[in-house]
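Position 52 of the sequence shown, counting from 1, maps to 58 under my numbering, and the rest follow consecutively.
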Amino acid sequence: MPIVDMKGMLDHAYCNGYAIGAFDVVSLDFLTGIMSAAERCRSPVILSLAESHFEHFDFELLMSAVERAAQRATVPVAIHLDHGMSIESAVRSISLGCNGVMVDASNRPFEENVALTLGVVQMARGCGVPVEGELGYVPGVEGEDAERHPGELVYTTVPEAKAYVQRTGIDFLAISIGTVHGRMKGEPNLNYARLQEINEALRIPLVLHGGTGLADEQYSRLIANGISKINYYTALADVSGHRIQQNAKRGEQGYTALVNGTADVISQEAERCMRLWGAAGRADEILKDCDPWAPVEHLIIYNADASEQQVRDMMAEGQRVLSRIPGVRAVFTGNAVQEAARYRFTWLVRFCHPAVIDSYREHPDHVAFADNHFRPVAGDRISIDYQGVEARGTLADKDKGIRRSA
Numbered sequence: 007m008p009i010v011d012m013k014g015m016l017d018h019a020y021c022n023g024y025a026i027g028a029f030d031v032v033s034l035d036f037l038t039g040i041m042s043a044a045e046r047c048r049s050p051v052i053l054s055l056a057e058s059h060f061e062h063f064d065f066e067l068l069m070s071a072v073e074r075a076a077q078r079a080t081v082p083v084a085i086h087l088d089h090g091m092s093i094e095s096a097v098r099s100i101s102l103g104c105n106g107v108m109v110d111a112s113n114r115p116f117e118e119n120v121a122l123t124l125g126v127v128q129m130a131r132g133c134g135v136p137v138e139g140e141l142g143y144v145p146g147v148e149g150e151d152a153e154r155h156p157g158e159l160v161y162t163t164v165p166e167a168k169a170y171v172q173r174t175g176i177d178f179l180a181i182s183i184g185t186v187h188g189r190m191k192g193e194p195n196l197n198y199a200r201l202q203e204i205n206e207a208l209r210i211p212l213v214l215h216g217g218t219g220l221a222d223e224q225y226s227r228l229i230a231n232g233i234s235k236i237n238y239y240t241a242l243a244d245v246s247g248h249r250i251q252q253n254a255k256r257g258e259q260g261y262t263a264l265v266n267g268t269a270d271v272i273s274q275e276a277e278r279c280m281r282l283w284g285a286a287g288r289a290d291e292i293l294k295d296c297d298p299w300a301p302v303e304h305l306i307i308y309n310a311d312a313s314e315q316q317v318r319d320m321m322a323e324g325q326r327v328l329s330r331i332p333g334v335r336a337v338f339t340g341n342a343v344q345e346a347a348r349y350r351f352t353w354l355v356r357f358c359h360p361a362v363i364d365s366y367r368e369h370p371d372h373v374a375f376a377d378n379h380f381r382p383v384a385g386d387r388i389s390i391d392y393q394g395v396e397a398r399g400t401l402a403d404k405d406k407g408i409r410r411s412a
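Next up, the structure:
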């Protein structure tokens, strides 16, 4: 806590007429600046990591820092995969701690977009993770000029939006109504009438990509017509880049001297957005109304009717197979330290969400491993699912029941 359910967070924003910023994180300076802004103005926040940025950082390492920052926050936080390109990237992001994913197949034909999005939704449902899809084409790339990534803007249509949502079951829809990713060239021609029609037809939280460069009044009109999540990166990249340039002009040298103050200017810009979009001061409401995002520990203790080597081989195979199942964050196997222990061996499988209890049990890879490798040698076993609160050095769990099955 306070990582919270992202669907609950955005449903609250949609029903109460404000928007939550999804700020792309590309470094610890961005993470520090965004979180300090959210804490200062008591705003919910979405920490977003875009697959298009993965070339600039180690996703797994940065996710560890993002998750830790969210866990120690006092405001509600969601962690989101932005512009995921495949079901594999969605599975990986969930296993690393994302509790919201976006699949971006907007550049594909409609039927291909539906098929890929539906596959991600079906997988993510078993993990308790909401999904954002995109329909229409928003040109450009995060943090770069739209003209460097040309392509004609394609507005989202109401009939396709209705069909897309009905056929995929997505939780949020990113739409194209005139913005671009990156720095905008000229004045945006926002189609408010189209946005209103889409909002009235769907009644789900809508997402604005290409949030940089709009006027205050434009944001207000967008939010009034269903925009509940605003993706924001380019302006943060620009203010931090400007700060580095200022440091260099003053004669600063070396990495730490050049980036000095970048977290501060990122924080100032993020706070400006949080206040402008109406999210400031909403933290306590969401903490009260939304479910916390808490992992489940699936614990098995057992004795094995097999040799030590056979048990080790079975554990190794289980770690290989089970760790790939969607929603499984970690697989730990071990031997009892005390020789006289009632049970000699253990599995501890961490699920990202209680929904995984069922999807994991029914997953064909788990069923095959349990039937062919585990159950034949582990007849004497106890299986327990725990959910609780994790702290450094302490695990306070609440027993959720005992099941005598693998």
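C-beta: ideal position from N, C-alpha, C; glycine also.
- Message: Quick check: what's the CA-CA separation for Arg335 versus Cys358?
- Response: The residue given as residue 335 occupies position 329 in the sequence shown. The residue given as residue 358 occupies position 352 in the sequence shown. Whole-angstrom Cα-Cα distance: 6 Å.
- Task: Could you say which of Arg227, Gln274, Ala221 lies nearest to Asp244 if we only look at CA atoms?
- Result: Here residue 244 refers to the residue found at position 238 of the sequence shown. Closest by alpha carbon: Gln274.
- Among the residues of its own chain, which have a CB less than 7 Å from the CB of Ala76, if the five just before and after it don't count? The residue given as residue 76 occupies position 70 in the sequence shown. Correct list, in chain order: Ile9, Leu53, Val83, Ile85.
- Message: With a threshold of 7 Å on Cβ separation, who are the neighbours of Ser313 within its own chain once the five nearest residues in sequence on each side are excluded?
- Response: For the purposes of this step, residue 313 is identified with residue 307 of the sequence shown, where counting begins at 1. If we look at Ser313 and ignore the five residues flanking it on each side, it has no Cβ neighbours.
- In angstroms with no decimal places, state the Cα-to-Cα distance between Asn197 and Leu293. Position 191 of the sequence shown, counted from the start, is the residue given in the question as residue 197. Position 287 of the sequence shown, counted from the start, is the residue given in the question as residue 293. Those two C-alpha atoms are separated by around 34 Å.
- What are the start and end residues of the alpha helix (DSSP H) that includes Ile40? Residue 40 sits at position 34 when you count from the first residue of the sequence shown. Looking at the DSSP string, the run of the alpha helix (DSSP H) that includes Ile40 is 34-47.
- Message: Quick test of the definition: if touching needs 3 or more C-beta pairs under 8 Å, does the stretch 261-268 touch the stretch 14-30?
- Response: no
- Exposed or buried, which one is Ala289 when buried takes at least 16 other CB atoms within 10 Å? As a first step, residue 289 is located in the sequence shown; it is residue number 283 there, counting from the start. Ala289 should be labelled buried.
- Query: Smallest Cα separation from Glu291: which of Ala346, Met69, Arg48, Gly394?
  - Reply: Within the sequence shown, residue 291 is the residue found at index 285, counting from 1. Comparing Cα-Cα distances from Glu291 to each of Ala346, Met69, Arg48, Gly394, the minimum goes to Arg48.
- Message: Can you list, in chain order, the residues of its chain with a C-beta nearer than 6 Å to that of Ile307? Leave out the 5 residues immediately preceding and following it.
- Response: Start at 1 with the first residue of the sequence shown, and residue 307 comes out as number 301. Counting only Cβ-Cβ distances below 6 Å, and skipping sequence neighbours, we find Tyr349, Thr352, Ile388.
- Continuous beta strand (DSSP E) assignments of at least 3 residues falling wholly in the stretch 48-83: 51-56
- Item | Limits of the alpha helix (DSSP H) - the one that Glu138 falls within | Here residue 138 corresponds to residue number 132 of the sequence shown, with the count starting at 1. Taken as a continuous stretch (DSSP letters only), Glu138 belongs to no alpha helix (DSSP H), being part of the beta strand (DSSP E) at 137-141.
- Who are the near neighbours of Glu203 in its chain, counting only those whose CB is closer than 6 Å to its CB and skipping five residues on each side? Residue mapping note: residue 203 aligns to position 197 of the sequence shown, counting from 1. Here the set comprises Val164.
- Query: If you compare alpha carbons, which of Gly247, Ala207, Ile183, Arg249 is closest to Gly217?
  - Reply: Within the sequence shown, the letter at position 211 stands for residue 217. The option with the nearest alpha carbon to Gly217 is Ile183.
- Message: Could you pull the DSSP bridge partners for Lys235 from this structure?
- Response: Translated into positions along the sequence shown, residue 235 becomes position 229. Ile26, Val213.
- Just confirm the distance between the C-beta atoms of Val120 and Tyr170, as a whole number of angstroms; I'd bet it's less than 8 Å. Indexing the sequence shown from 1 puts residue 120 at position 114. Indexing the sequence shown from 1 puts residue 170 at position 164. That belief holds up - the Cβ atoms of Val120 and Tyr170 are roughly 6 Å apart, short of 8 Å.
- C-alpha gap between Met318 and Arg98, whole angstroms: Along the sequence shown, read from residue 1 onward, the residue named residue 318 stands at position 312. Along the sequence shown, read from residue 1 onward, the residue named residue 98 stands at position 92. As written in the sequence, residue 318 is Arg, which differs from the Met given in the question. Distance between the alpha carbons of Arg318 and Arg98 is about 26 Å.
- Could you name the residues of the same chain whose beta carbon sits closer than 8 Å to that of His248, not counting the 5 residues immediately before and after it, in chain order? Translated into positions along the sequence shown, residue 248 becomes position 242. Excluding positions up to five away in sequence, the list reads Val271.
- Item | Closest Cα partner of Asn205 within the set Gln224, Glu223, Ser234, Met321 | Your numbering for residue 205 matches position 199 in the sequence shown. Among Gln224, Glu223, Ser234, Met321, the Cα nearest to that of Asn205 belongs to Ser234.
- Query: When the Cα atoms are used, what is the spatial distance from Glu258 to Leu67?
  - Reply: Position 252 of the sequence shown holds residue 258. Position 61 of the sequence shown holds residue 67. Distance between the alpha carbons of Glu258 and Leu67 is about 29 Å.
- Message: For chain C, check one thing: does any of its Cβ atoms lie closer than 7 Å to the Cβ of Ala130?
- Response: Among the chains in the structure shown there is no chain C, since it carries only a single protein chain.
- Could you give the DSSP three-state label for His18: helix, strand or coil? Working through the sequence shown from its first residue, we reach residue 18 at position 12. Of the three classes helix, strand and coil, the one that applies to His18 here is helix, per DSSP.
- Query: Thinking just about the alpha-carbon of each residue, which of Gly27, Tyr239, Ala71 is nearest to the one in Gly50?
  - Reply: Stepping through the sequence shown from its first residue, residue 50 is reached at position 44. Residue 50 is actually Pro in this sequence, not Gly. Of the candidates Gly27, Tyr239, Ala71, the one whose C-alpha sits nearest the C-alpha of Pro50 is Gly27.
- What is the DSSP secondary structure of Ile9, reduced to helix, strand or coil? As a first step, residue 9 must be located in the sequence shown, where it is residue number 3. The answer is strand: DSSP assigns Ile9 an E or B state.
- Query: Nearest CA to the CA of Val137: which residue from Thr38, Ala180, Asp30, Ser42?
  - Reply: Against the sequence shown, residue 137 aligns to sequence position 131. Looking at the Cα atoms, Ala180 is the closest of the given residues.
- Euclidean distance between Cα positions of Arg154 and Gly106: By 1-based counting over the sequence shown, the position of residue 154 is 148. By 1-based counting over the sequence shown, the position of residue 106 is 100. At Arg154 the pLDDT is 40, less than 50, meaning the model places this residue with poor confidence; the figure from the coordinates comes in the next sentence. So the two alpha carbons sit approximately 29 Å from each other.
- Message: Which complete alpha helix (DSSP H) runs does the stretch 335-368 hold, if anything under 4 residues is left out?
- Response: 362-368
- Message: At the level of alpha carbons, what is the spacing between Arg189 and Val31?
- Response: To locate residue 189, count along the sequence shown from 1; it is residue 183. To locate residue 31, count along the sequence shown from 1; it is residue 25. Reliability fails at Arg189, whose pLDDT of 49 lies under 50, so the model's placement of it is uncertain and the value that follows must be treated cautiously. Each residue's Cα considered, the two are about 18 Å apart.
- Task: Return the first residue and the last residue of the beta strand (DSSP E) that Met108 is part of.
- Result: Position 102 of the sequence shown, counted from the first residue, corresponds to residue 108. Where Met108 is concerned, the enclosing beta strand (DSSP E) stretches over 106-109.
- Go through its chain and collect everything with a Cβ distance to Asn195's Cβ below 6 Å, but skip five positions before and after it. Locating residue 195 in the sequence shown gives position 189, where the first residue counts as 1. Hits under 6 Å: Gly184.
- Query: In this structure, does DSSP put Tyr161 in helix, strand or coil?
  - Reply: In the sequence shown, counting from the first residue as 1, residue 161 sits at position 155. DSSP places Tyr161 in coil when its eight states are reduced to three.
- Identified DSSP bridge partners for Tyr178: Against the sequence shown, residue 178 aligns to sequence position 172. With the sequence shown as reference, residue 178 is identified as Phe, and Tyr is not the correct amino acid for it. Phe178 pairs with Glu138.
- Do you know how far the Cα of Lys13 is from the Cα of Pro298? In the sequence shown, the residue the question calls residue 298 occupies position 292. In the sequence shown, the residue the question calls residue 13 occupies position 7. Using only the alpha carbons, I get a separation of about 11 Å.
- Message: What would DSSP say about Leu196, mapped onto helix, strand or coil?
- Response: Locating residue 196 in the sequence shown gives position 190, where the first residue counts as 1. Coil, per DSSP.
- Task: Out of Val186, Arg209, Asn253, Leu212, point me to the one whose CA is closest to Thr240's CA.
- Result: In the sequence shown, the residue the question calls residue 240 occupies position 234. Out of Val186, Arg209, Asn253, Leu212, Val186 has the C-alpha closest to the C-alpha of Thr240.
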